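First residue of the sequence shown: 1, per full-length UniProt numbering; consecutive thereafter.
Even glycine gets a Cβ: it sits at the ideal position worked out from N, Cα and C.
Keep in mind that this is a model prediction, so the values were computed, not measured.
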Amino acid sequence: MASVISGRLQTARLLGSVRRSFAHTEILNKWGSTYCGNACGGGRHGSRWLSSAKPSFTVVEMPKLSPTMETGNIVSWMKKEGEHIAEGDAIAEIETDKATLTMDAQDECYMAKILVAEGTTDIEIGRPIAVSVEEAKDVEAVAAMEDSLFGGAIQEVTPVMTVTEAISEQSTPPSEPPHSASYPEHTVLEMPKLSPTMETGVISEWTKAEGDEIKSGDVIASVETDKATIDFEVHEDGYLAKILVEAGKPDIAIGQPVAIMTETPVETAVFEGYQKEGVQAVEQVTEQAPSAIPAIEEQSASATVAPPTKAEVETVKAPSSITPAWEGSYEDIELTKYRRITGARLVESKLSIPHYYLSVTCCVDQMSEMRARINDNRKDGEPKVSVNDFVLKACAVALRKVPEVNSQWAGESIRQMHAVDLSVAVQTERGLITPIVPDADRKTLKEMSAKVRELAQKAKENTLLPAEFMGGTFTVSNLGMFGVDEFSAVINPPQSAILAVGTGHQKVVPNGEGGFTNSQFMTVTLSCDHRVVDGALGSRWLACFQENIEDPINML
Numbered sequence: 001m002a003s004v005i006s007g008r009l010q011t012a013r014l015l016g017s018v019r020r021s022f023a024h025t026e027i028l029n030k031w032g033s034t035y036c037g038n039a040c041g042g043g044r045h046g047s048r049w050l051s052s053a054k055p056s057f058t059v060v061e062m063p064k065l066s067p068t069m070e071t072g073n074i075v076s077w078m079k080k081e082g083e084h085i086a087e088g089d090a091i092a093e094i095e096t097d098k099a100t101l102t103m104d105a106q107d108e109c110y111m112a113k114i115l116v117a118e119g120t121t122d123i124e125i126g127r128p129i130a131v132s133v134e135e136a137k138d139v140e141a142v143a144a145m146e147d148s149l150f151g152g153a154i155q156e157v158t159p160v161m162t163v164t165e166a167i168s169e170q171s172t173p174p175s176e177p178p179h180s181a182s183y184p185e186h187t188v189l190e191m192p193k194l195s196p197t198m199e200t201g202v203i204s205e206w207t208k209a210e211g212d213e214i215k216s217g218d219v220i221a222s223v224e225t226d227k228a229t230i231d232f233e234v235h236e237d238g239y240l241a242k243i244l245v246e247a248g249k250p251d252i253a254i255g256q257p258v259a260i261m262t263e264t265p266v267e268t269a270v271f272e273g274y275q276k277e278g279v280q281a282v283e284q285v286t287e288q289a290p291s292a293i294p295a296i297e298e299q300s301a302s303a304t305v306a307p308p309t310k311a312e313v314e315t316v317k318a319p320s321s322i323t324p325a326w327e328g329s330y331e332d333i334e335l336t337k338y339r340r341i342t343g344a345r346l347v348e349s350k351l352s353i354p355h356y357y358l359s360v361t362c363c364v365d366q367m368s369e370m371r372a373r374i375n376d377n378r379k380d381g382e383p384k385v386s387v388n389d390f391v392l393k394a395c396a397v398a399l400r401k402v403p404e405v406n407s408q409w410a411g412e413s414i415r416q417m418h419a420v421d422l423s424v425a426v427q428t429e430r431g432l433i434t435p436i437v438p439d440a441d442r443k444t445l446k447e448m449s450a451k452v453r454e455l456a457q458k459a460k461e462n463t464l465l466p467a468e469f470m471g472g473t474f475t476v477s478n479l480g481m482f483g484v485d486e487f488s489a490v491i492n493p494p495q496s497a498i499l500a501v502g503t504g505h506q507k508v509v510p511n512g513e514g515g516f517t518n519s520q521f522m523t524v525t526l527s528c529d530h531r532v533v534d535g536a537l538g539s540r541w542l543a544c545f546q547e548n549i550e551d552p553i554n555m556l
């Protein structure tokens with residue numbers, strides 16, 4: 001293709017369009033709905049190529065199938081190369097961070113070329129994954145083209161870049177990495193991990209100066225961690241050629257280069273302007289303090305330095321004070337994409353949301369009696385109403401009566417939601433997912449029961465639609481069926497509360513007539529975001545829930 005003649009970036013609130021004109025070729029990339037992939041035509045997730053010299057084709061890109069999706073996995077291709085595709089046909093199964101969804105064709109076309117094999121994971125949004133054509137006669141010609149051509153077309157037009165980002169990128173010249181070939185042979189000393197919880201450190205003092213000779217076992221610096229101030233020792237002889245981080249500088253990340261050692265004396269000026277990128281082209285050893293040795297394997301996955309040579313390995317002295325790691329048998333189970341993302345979000349929730357917890361024990365005698373009457377009088381084939389159905393109904397009514405809890409933290413404001421959409425935690429083979437019962441406060445007990453059963457079945461079959469698991473204003477997690485007395489749940493952002501439900505248990509209590517009776521009780525724990533739901537508000541909601549569950553007439 002010829003060089004770019006002109007370029008224009010247009011943006012709108014919900015629809016972005018990027019056009020660039022090339023000699024004999026025009027690329028048009030429009031982005032619309034995020035819940036349906038367009039496999040044919042220059043539409044939602046395709047880039048249409050029109051050329052007088054070559055057959056026209058559409059580059060199909062990895063679609064964004066959920067608001068939180070950043071990458072996707074291609075589980076399977078449902079159409080083969082050369083196969084005809086009708087409007088509405090499913091062409092691929094894509095695993096997102098929430099579920100496995102199908103990508104459907106919006107126009108009639110032919111599958112000309114598959115660019116990404118099924119089973120490929122972590123494919124970025126917008127990356128080319130296939131190519132389609134409108135005419136069957138064009139399949140062979142397009143299939144013969146180099147894959148790089150289709151990737152190059154998408155790289156030329158990047159719809160995810162905003163106007164501000166584009167201007168910033170053009171105004172900031174790219175920095176060139178230093179030429180590592182000019183550096184003499186050296187060893188990079190990095191900030192060591194001196195405690196299990198340490199993420200950053202501060203070099204409070206350098207005990208060696210640039211140019212000083214260093215013997216194995218010498219302390220070259222004092223490092224302040226999150227726990228204490230610890231000596232930073234080295235375990236080989238050499239010279240401190242360059243200090244990269246001055247004493248007192250805060251928040252030095254684990255693994256960040258802090259100094260350079262050489263085997264022989266060198267001028268400090270040789271390493272002037274040294275940057276981390278420069279260590280990639282030379283052989284070196286990452287020096288660690290003794291207590292940081294167990295973290296080496298963890299850091300190696302993301303390390304950018306070259307592996308040590310055999311000679312370098314043989315010269316490193318093994319520290320004598322390290323307790324040998326346990327060498328029993330084990331198996332590393334690879335995390336699924338769903339597990340990785342769920343884990344990351346749970347950590348984010350605990351770190352960013354100020355959780356606090358309120359518990360109350362409810363007498364459920366009347367609820368149990370009402371449940372028994374409803375189930376005894378149900379029609380043939382009608383499913384039984386469960387304890388969890390009563391819990392959900394009690395939550396929905398409490399959220400309607402205390403709507404302040406049905407809110408989200410929005411940074412500069414608190415967003416109070418008008419609809420009561422309950423997220424219900426369901427355990428599946430893939431992990432925990434929270435399908436949503438919409439407008440739960442408007443549903444009868446039996447309607448609630450039927451909807452929950454339907455959603456739970458779809459969750460276990462992995463057939464939930466995005467609208468059935470994305471969103472929600474309040475979550476209920478019930479472990480009572482596993483015999484758990486009580487527990488505290490992690491809030492599901494951006495929600496502000498989650499109710500953890502324990503199992504029922506019998507207690508002997510006074511009957512008010514001078515005697516005693518057996519009653520059934522259940523403990524629930526409300527986890528709250530203190531920024532939105534303070535103690536008084538959380539207590540008021542919990543009291544309303546208790547009133548509903550102890551006397552179900554209040555919510556029917």
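Apart from sequence neighbours up to five positions away, the residues of its chain that approach residue 548 with a beta-carbon distance below 7 Å are 394, 397, 398, 554 and 555, ordered along the chain. Between residue 489 and residue 474, the C-beta gap is not smaller than 8 Å, which leaves the two residues out of contact.
By the CB criterion at 8 Å, residue 205 and residue 247 fall inside the cutoff.
Assignment of beta-bridge partners to residue 523 by DSSP yields 361. Taking all protein chains shown into account, residue 103 has 16 or more neighbouring C-beta atoms within 10 Å of its C-beta and is therefore buried.
Contact between residue 504 and residue 522 is confirmed by a C-beta separation of about 5 Å, below the 8 Å threshold. Taking a contact as a CB-CB distance under 8 Å, the pair residue 465 and residue 424 does not count as one, their CB atoms being some 16 Å apart. Going by DSSP, residue 515 is part of no alpha helix (DSSP H) at all; its letter is neither H nor E. Taking a 10 Å sphere around the C-beta of residue 330, we find fewer than 16 other C-beta atoms and assign the residue as exposed. For residue 359, the closest alpha carbon among the candidates 543, 91, 145 and 135 is that of 543. Every unbroken stretch of the beta strand (DSSP E) spanning 3 or more residues and falling wholly within the UniProt domain "Lipoyl-binding" (57 to 133) is given here in chain order: 57 to 61, 71 to 77, 90 to 95, 100 to 104, 109 to 114 and 128 to 133. Buried is the label assigned to residue 61, since at least 16 other Cβ atoms lie within 10 Å of its Cβ. In this structure residue 469 is buried. Its beta-carbon is surrounded by 16 or more other beta-carbon atoms within 10 angstroms. Cα atoms of residue 243 and residue 216: separation of roughly 18 Å, rounded to the nearest angstrom. Runs of the alpha helix (DSSP H) lying entirely within the segment 346 to 413, each at least 4 residues long, are 365 to 376 and 387 to 401 in chain order. In terms of Cα proximity to residue 230, the closest of 491, 213, 245 and 207 is 207. Between residue 125 and residue 70 the beta-carbon gap is near 6 Å, inside 8 Å, which marks them as a contact. Beta-bridge partners assigned by DSSP to residue 457: none are found.
Here the segment 530 to 543 lies against the segment 398 to 412, with 3 or more beta-carbon pairs under 8 Å apart. Uninterrupted alpha helix (DSSP H) stretches at least 4 residues long and entirely within the UniProt domain "Lipoyl-binding" (186 to 262) do not occur. The C-alpha of residue 234 lies about 15 Å from the C-alpha of residue 211.
Spanning the alpha carbons of residue 406 and residue 420 requires a straight line of approximately 7 Å. Non-local beta-carbon contacts of residue 404 in its own chain, meaning distances under 6 Å to residues more than five positions away in sequence, involve 537 in chain order. Going by beta carbons, residue 74 and residue 116 fall inside the 8 Å limit. A direct Cα-to-Cα measurement between residue 209 and residue 220 gives close to 8 Å. Taking C-beta separations shorter than 6 Å and ignoring five residues to either side along the sequence, the partners of residue 478 in its chain run 388 and 501, following chain order.
Taken atom to atom, the span from the alpha-carbon of residue 337 to that of residue 350 is near 20 Å. If you look at residue 422, you'll find it in the beta strand (DSSP E) that goes 422 to 424. In this chain, the beta strand (DSSP E) harbouring residue 506 covers 497 to 510. Between residue 109 and residue 139, the gap from beta carbon to beta carbon reaches 8 Å or more.
Judged by DSSP in its simplified three-state form, residue 540 adopts helix. Under the 8 Å Cβ criterion, the segment 512 to 528 does not count as touching the segment 371 to 379, having fewer than three qualifying pairs.
When the Cα atoms are used, residue 241 and residue 224 turn out to be separated by approximately 23 Å. Setting aside the 5 residues that flank it on each side, residue 357 is surrounded in the same chain by 488, 525 and 527, each with a C-beta closer than 6 Å to its C-beta; the list follows chain order.
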